[in-house]
Amino acid sequence: MVRAAAAAEKAGVRSVSIVSEGFIRQAHAIAQALGLQDLAIAEYPGVPMVDSKEVLQKKVSETLVKEVIAGLTKQASIAVKPDEPGRKDIVFRGALDEVHEFFYNNMWTEGLPIVPPTVDRVEKFLRFTDRSPDEIIGVLLPENREATVWNVAVNGVMAGCRPEYMPVLLAIVDCISAPEWLVEDAGSTPGWEPLIILNGPIMKQLDFNYGASVMRVGRQANTSIGRFLRLYLRNVAGLRIPPGATDKGSIAYTFNVVLCENEDAVAEMGWQPFSVDRGFKAGDNVVTVQSCVNISPPTYSGGHAAEAHMETLADLIGRRSMSYWTAVAANNGRSYPLFVLGPSIAAVIARDGWSKDRIRQYLYDNVRAEAGYLEKLSWQSGQTDFSFCNCVEDGKVSQDFCQSDDPRRMIPVFLKPEWIEIVVSGDPGRNQSKGYMQNQKQGVPVSRKIQLPANWEHTEHG
1486 MVRAAAAAEK
1496 AGVRSVSIVS
1506 EGFIRQAHAI
1516 AQALGLQDLA
1526 IAEYPGVPMV
1536 DSKEVLQKKV
1546 SETLVKEVIA
1556 GLTKQASIAV
1566 KPDEPGRKDI
1576 VFRGALDEVH
1586 EFFYNNMWTE
1596 GLPIVPPTVD
1606 RVEKFLRFTD
1616 RSPDEIIGVL
1626 LPENREATVW
1636 NVAVNGVMAG
1646 CRPEYMPVLL
1656 AIVDCISAPE
1666 WLVEDAGSTP
1676 GWEPLIILNG
1686 PIMKQLDFNY
1696 GASVMRVGRQ
1706 ANTSIGRFLR
1716 LYLRNVAGLR
1726 IPPGATDKGS
1736 IAYTFNVVLC
1746 ENEDAVAEMG
1756 WQPFSVDRGF
1766 KAGDNVVTVQ
1776 SCVNISPPTY
1786 SGGHAAEAHM
1796 ETLADLIGRR
1806 SMSYWTAVAA
1816 NNGRSYPLFV
1826 LGPSIAAVIA
1836 RDGWSKDRIR
1846 QYLYDNVRAE
1856 AGYLEKLSWQ
1866 SGQTDFSFCN
1876 CVEDGKVSQD
1886 FCQSDDPRRM
1896 IPVFLKPEWI
1906 EIVVSGDPGR
1916 NQSKGYMQNQ
1926 KQGVPVSRKI
1936 QLPANWEHTE
1946 HG
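Anchor point for the sequence shown: position 415 equals 1900 in this note's numbering, and the numbering is continuous, going up by one each time.
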């Protein structure tokens, strides 16, 4: 809303943004980052979704109307953007503890110890790319700051990455800089967290974990690169929790480590890796970054037939863990749920002759939920005028979602079978899978091939 109002003001059209109390500081911070000072904002006191109709009407008539009228009588002024350090400027000198305190007080860290990004350390990272340090990869909202090869290296140093991880870091930032990824929404109230998925021989070259405890902090490559992305969103995009004001994750959670696919297991069962599903060649080094708004419980399935596993996965991961977000996904017309299958489970399914497409169709056909209940959940999240039949009329979802107006009709949980993602990873000695729910149009999966430097084969890495 504030971004739209800022565009209107710059075009000479007066605007007033109506914002509830909990979003006021975020609204002003975003307006400032977009170059406007004193953007007119009418504040709704409290939380509208927990107010009665009578209380809401009273607040609108007694508070909002006056603020809207007042806001339309003034024009926002141009904000002065504060100066920031140059590329090789020394911002602080001192002992290690003093460095940590300085960075924390400036909200440049999340509170964990960092590796001080000295010029020497940063330049070691630059040896692992042929791209210019000054190259602008993109401009990241909400703070409207340039993503550059140099500041990728700086944040990589701070996160505890090794210099040879630099090509992976650059590919990640290439992903989140894509306009369709919507980095500006990475601070929204669902509190979603990016999930990095990695494919290709670089996993072995750099000693990534793709087996047991794949999503546990503990392997340097998986862990430090996951932390890098969280630091980069904080320091470059400008998404900061209080005392910052631009990250409004209501509860949220912290960074994911890198999810790597077990491509050896995938090859043995005759499937293609996830990166091929994303349009690349087998053997390419590929990074995919997407949002993750919730993770299912660990799900155990057993049996020597594919359908025995699929019934459990459909019920426990699909229906029970992912159906809550179906209405929001339908309203936005996008959703990319991810199933991470343990290698032993994927092997049974593949041995029974099932392809990934057959898995996807099975999940679409068999994971169902009651339409009226999902519409009720949608209302509680703030979509007070939502209905699946309206989404069908608008072309956002198929006719399967509105076969009748019976609120008890069963509808698909997933929008399209081809949007269901499948990765094989985890402990090959156990029968466990997990589901990762993507946050509809925010953080859609974006993939990039990793660009290795010309001298990659002649450098020490891993």
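Just so it is clear, CB atoms sit at the ideal spot from N, CA and C, and this is done for glycine as well.
Computed from a predicted model, the values in this text were never measured in an experiment.
Through-space distance from residue j to residue i, alpha-carbon basis
i               : j               : result
glycine 1531    : glutamate 1506  : 5 Å
methionine 1795 : aspartate 1850  : 12 Å
alanine 1767    : isoleucine 1554 : 60 Å
valine 1813     : alanine 1939    : 45 Å
valine 1642     : arginine 1725   : 20 Å
lysine 1551     : glutamine 1517  : 24 Å
aspartate 1619  : tryptophan 1635 : 6 Å
valine 1954     : alanine 1722    : Given a span of 1486 to 1947 for the chain in the structure shown, any question on residue 1954 remains unanswerable.
methionine 1651 : threonine 1614  : 7 Å
serine 1806     : serine 1872     : 21 Å
tyrosine 1529   : leucine 1714    : 34 Å
isoleucine 1682 : valine 1908     : 9 Å
alanine 1492    : valine 1501     : 12 Å
lysine 1881     : serine 1866     : 19 Å
tryptophan 1864 : isoleucine 1575 : 51 Å
Residue i burial status per 10 Å Cβ neighbour count (16 or more: buried)
i                  : result
tyrosine 1717      : buried
aspartate 1762     : buried
alanine 1750       : buried
arginine 1731      : Looking at the sequence shown, residue 1731 is not arginine but threonine. Per the 10 Å Cβ criterion, buried.
lysine 1559        : exposed
aspartate 1692     : exposed
arginine 1933      : buried
glycine 1556       : buried
serine 1910        : buried
glutamate 1494     : buried
phenylalanine 1824 : buried
glutamate 1628     : buried
tyrosine 1738      : exposed
methionine 1688    : buried
serine 1883        : exposed
glycine 1497       : exposed
glutamate 1669     : buried
aspartate 1659     : buried
isoleucine 1621    : exposed
glycine 1928       : buried
arginine 1836      : exposed
Nearest residue (CA-CA) to residue i, options the options
i               : options                            : result
valine 1743     : Asp1615, Val1699, Tyr1529, Arg1845 : Val1699
proline 1664    : Asn1875, Val1624, Ser1673, Ile1834 : Val1624
glutamate 1595  : Asn1640, Phe1610, Asp1670          : Asn1640
leucine 1549    : Leu1900, Glu1539, Asn1741, Ile1526 : Ile1526
asparagine 1590 : Leu1937, Thr1708, Gly1729, Gly1676 : Gly1729
proline 1567    : Ser1537, Leu1581, Leu1521          : Leu1521
glutamine 1923  : Gln1936, Pro1822, Cys1660, Val1487 : Pro1822
lysine 1538     : Thr1869, Ser1820, Ile1687          : Thr1869
isoleucine 1657 : Leu1680, Glu1669, Arg1819, His1943 : Leu1680
valine 1852     : Phe1899, Val1702, Leu1862          : Phe1899
alanine 1790    : Gly1838, Asn1770, Phe1759, Gln1757 : Gly1838
asparagine 1747 : Cys1887, Gly1703, Ala1697, Asn1875 : Ala1697
lysine 1573     : Val1540, Val1607, Glu1586, Ala1580 : Val1607
threonine 1674  : Ala1644, Glu1569, Ser1735, Cys1646 : Ser1735
arginine 1843   : Glu1906, Arg1704, Ser1617, Cys1876 : Glu1906
isoleucine 1834 : Ala1815, Leu1862, Ala1793          : Ala1793
glutamate 1878  : Gln1927, Trp1904, Asn1816          : Asn1816
proline 1598    : Ala1644, Gln1511, Gly1672, Arg1894 : Ala1644
cysteine 1777   : Gln1925, Phe1577, Lys1544          : Gln1925
tryptophan 1756 : Leu1655, Ser1662, Leu1826          : Leu1826
alanine 1831    : Ser1562, Ser1781, Pro1758, Pro1892 : Pro1758
arginine 1894   : Arg1499, Gly1857, Pro1727          : Gly1857
Bridge partners - residue i, DSSP secondary structure assignment
i              : result
glycine 1497   : Partner(s): none; glycine 1497 has no beta bridge.
leucine 1680   : Gln1775
glutamate 1569 : DSSP, once it has assigned bridges, lists no residue as partnering glutamate 1569.
glutamine 1522 : Ser1562
serine 1918    : Thr1784
arginine 1893  : According to DSSP, arginine 1893 bridges with nothing at all.
valine 1825    : Val1908, Lys1919
valine 1699    : In the DSSP output, where bridge partners are listed per residue, valine 1699 has none listed.
leucine 1900   : Beta-bridge pairing links leucine 1900 to no other residue.
Proximal residues to residue i (C-beta, below 8 Å), its chain only, five neighbours per side dropped
i              : result
threonine 1784 : Thr1797, Leu1798, Leu1801, Ile1802, Gln1917, Ser1918, Lys1919, Gly1920
glycine 1914   : Ala1697, Ser1829
histidine 1513 : Leu1524, Ile1526, Ala1730
serine 1617    : Val1634
Nonlocal neighbours in the same chain, by C-beta distance under 6 Å from residue i, ignoring five residues either side
i               : result
proline 1601    : Val1584
proline 1902    : Arg1845, Gln1846, Tyr1849
proline 1930    : Thr1773, Gln1775, Tyr1821
tryptophan 1593 : Asn1720
cysteine 1887   : Phe1873, Cys1874, Val1877
Same chain, Cβ closer than 7 Å to residue i, five either side skipped, listed in chain order
i            : result
leucine 1859 : Ser1808, Thr1811, Ala1812
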